[in-house]
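Numbering (our numbering), first residue to last: 3 to 239.
The beta carbon of each residue, even a glycine, is placed where N, CA and C say it ideally should be.
All values reported here derive from a predicted model rather than from experimental measurement.
Remarks on the structure that follows.
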Amino acid sequence: MISGHFTSAARGGVVTGWSLAFPPGTHAGRLHPLIALHGRGGTHRDSFDGSLHLDRYLAALSSAGHPPFAIASVDGGDHGYWHPRQDSDPAAMVLNEFLPLLAGQGLDTSRIAFLGWSMGGYEALYLAGRLGAGRVAAAAAESPALWRSGSQSAAGAFDDVADFDRHAIFGRLNLLSGIALRIDCGDRDGFAPITRDLRAALDPTPAGGIEPGGHDAGFWRSQAQAQLSFVGRHLAS
3 MISGHFTSAA
13 RGGVVTGWSL
23 AFPPGTHAGR
33 LHPLIALHGR
43 GGTHRDSFDG
53 SLHLDRYLAA
63 LSSAGHPPFA
73 IASVDGGDHG
83 YWHPRQDSDP
93 AAMVLNEFLP
103 LLAGQGLDTS
113 RIAFLGWSMG
123 GYEALYLAGR
133 LGAGRVAAAA
143 AESPALWRSG
153 SQSAAGAFDD
163 VADFDRHAIF
173 GRLNLLSGIA
183 LRIDCGDRDG
193 FAPITRDLRA
203 ALDPTPAGGI
213 EPGGHDAGFW
223 RSQAQAQLSF
233 VGRHLAS
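In structure tokens, the structure reads:
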């Protein structure tokens, strides 16, 4: 487990923290990374010692013989929703600054995957569509923060209605073609109805589903092992 920080030009000069978890043991060849994207109000630490402890699930899967990969997390801002904004572009930070940083750490970034929850669940789908199936093996979205219109979205999530329309997931579903998808949401989560709509709109139907739970770290941890196993299979294929 290693951590660091860099000054992100794409985020307007903000000092941006990151963490990187490797599976235990030695592995032949360079590992592919899963990029973990935090929710609103979170930081890169949420993926690991902050709340989700994804490194522990990664270690357990690796010890059980599952294909190895690394998990990398990075700060995306409190409520920027990880897409291009008027004063910041966290999506460009991930693609143009963080991925090269990971390559410098010895990872093979020619093939990657995304995992995110809530705000980060939206971004996992957004960035997967932006890069496409040629680069992205899989995307896993937990309780994705989605809305049908800009007027319904959370305060500060988008600059305006036009910003929402440019970056709405329902307007970009064709871009996810060929990418292995897993989408989960708790049945007591306020995003459950739109998650059902999203799953129904995608062909083939994504893995995962609507399971017992709410919009919280307890539910996200309950899905972590299955989601990491899903991602690992597709990164290795």
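Hey, residue i and residue j are a contact pair by Cβ (cut 8 angstroms); roughly how many whole angstroms apart?
| i | j | result |
| --- | --- | --- |
| residue 214 | residue 109 | Not quite, the Cβ-Cβ distance comes to about 35 angstroms (not below 8 angstroms), so this is no contact. |
| residue 145 | residue 120 | 5 angstroms |
Leaving aside the five residues before and after residue i along the sequence, list all residues of the same chain whose C-beta is less than 6 angstroms from its C-beta, in chain order.
| i | result |
| --- | --- |
| residue 188 | 215, 216, 221 |
| residue 197 | 187 |
| residue 73 | 23, 36, 38, 56, 60 |
| residue 116 | 37, 126, 129, 130, 141 |
| residue 139 | 113, 115, 236, 237 |
| residue 177 | 131 |
| residue 100 | 76 |
| residue 21 | 5, 46, 50, 75 |
Tell me the residue span of the alpha helix (DSSP H) that contains residue i.
| i | result |
| --- | --- |
| residue 129 | 121-133 |
| residue 165 | 163-169 |
| residue 231 | 219-238 |
| residue 197 | 194-203 |
Can you give me the C-alpha to C-alpha distance between residue i and residue j, rounded to a whole angstrom?
| i | j | result |
| --- | --- | --- |
| residue 203 | residue 168 | 19 angstroms |
| residue 143 | residue 210 | 9 angstroms |
| residue 48 | residue 5 | 13 angstroms |
| residue 182 | residue 152 | 27 angstroms |
| residue 91 | residue 40 | 16 angstroms |
| residue 88 | residue 162 | 10 angstroms |
| residue 25 | residue 51 | 16 angstroms |
| residue 95 | residue 205 | 30 angstroms |
Within the same chain, show all residues whose beta-carbon is closer than 8 angstroms to that of residue i, passing over the 5 residues directly before and after it, in chain order.
| i | result |
| --- | --- |
| residue 98 | 12 |
| residue 9 | 15, 16, 17, 18 |
| residue 43 | 80, 81 |
First and last residue of the beta strand (DSSP E) that includes residue i?
| i | result |
| --- | --- |
| residue 8 | 4-10 |
| residue 22 | 16-23 |
| residue 186 | 182-188 |
- prompt: Of all the alpha helix (DSSP H) runs that stay within the bounds of the region 40-105, which reach a length of 4 or more residues?
  reply: 56-65
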